[in-house]
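Data first, discussion second: the structure below is written as structure tokens.
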Amino acid sequence: MAEAYVAGTRTDGPLGWDHVEERLEGSRNYWIVTARPDGRPHAAPVWGVWVEGTLYFGTSRSSVKGRNLARGPELVVHLESGDDVVILEGVVEEVRDRASFDAIDAAYRAKYGMGVDQAGDDGTGEDGAVWYVVRPETAHAWLESDFLETATRWRFPVG
């Protein structure tokens, strides 16, 4: 597990990683922030799934975020709530193996009521769709109602 840091004076420690995982698993929408060629940020919501401690999402290769990620894998992921915040900073890798794709498809069906093939991808990548796995380098979480006592950061080994 990544090293955690908490701001404030809590004696019972920071928000637990289980809090972050629960929020990531339960979220319907994930905001993906990438960088355009000129450095301007681009934010867009995507559907995704949290499978065995890992976030996966898909997009079209021709979308702005798809083109941005093809140029550079860096991104920020955040959830919709400003009251119960979870932010991941890291990089993505393209999902290429069938076993991972099958696990994504099963989780996607359970969560959204449709398979990834119905969402515009057949798993081959030939239709212009791509699936990514998020490799976080840093994660942040806090509760707005108790920011000073819950602000927590995790740093993950890179590579």
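Just so you know, the sequence shown maps onto residues 1160 to 1318 in our numbering.
By construction, the Cβ of each residue, glycine as well, lies at the ideal position given by its N, Cα and C atoms.
Bridge partners - residue i, DSSP secondary structure assignment
i, result
"Ile1263", "DSSP, once it has assigned bridges, lists no residue as partnering Ile1263."
"Ala1203", "Ile1191"
"Val1289", "Thr1218"
"Arg1294", "Val1250"
"Asp1243", "Leu1302"
"Val1208", "Tyr1215"
Straight-line Cα distance separating residue j from residue i
i, j, result
"Pro1295", "Asp1177", "16 Å"
"Glu1233", "Thr1193", "7 Å"
"Tyr1215", "Ala1202", "17 Å"
"Glu1252", "Thr1309", "31 Å"
"Trp1290", "Val1254", "5 Å"
"Pro1196", "Pro1316", "27 Å"
"His1299", "Arg1226", "26 Å"
"Ser1222", "Ala1266", "23 Å"
"Gly1207", "Pro1200", "20 Å"
"Arg1220", "Arg1312", "31 Å"
"Asp1261", "Val1275", "9 Å"
"Ser1304", "Gly1287", "43 Å"
"Leu1247", "Val1235", "6 Å"
"Gly1282", "Leu1174", "Since pLDDT at Gly1282 reaches only 48, below the 50 mark, its modelled position is unreliable, and the value read off the structure follows with that caveat. So the alpha carbons of these two residues sit roughly 36 Å apart."
"Ile1191", "Arg1257", "24 Å"
"Glu1211", "Asp1264", "13 Å"
"Gly1217", "Gly1198", "22 Å"
"Val1245", "Leu1228", "21 Å"
"Val1205", "Leu1307", "30 Å"
"Trp1209", "Lys1224", "20 Å"
"Glu1181", "Arg1230", "31 Å"
Residue i - DSSP class collapsed to helix/strand/coil
i, result
"Asp1305", "helix"
"Asp1171", "Low confidence applies here, because Asp1171 scores a pLDDT of 46, under 50, leaving its location unreliable and the question unanswered by this model."
"Asp1281", "Caution applies to Asp1281, whose pLDDT of 48 falls short of 50 and renders its modelled position unreliable; the value that the coordinates give is listed next. Correct three-state label for Asp1281: coil."
"Gly1225", "helix"
"Val1250", "strand"
"Ala1269", "helix"
"Val1179", "helix"
"Glu1233", "strand"
"Arg1314", "strand"
Evaluate contact between the stretch 1265-1279 and the stretch 1236-1247, counting only Cβ atoms and requiring at least three cross-stretch pairs below 8 Å.
no
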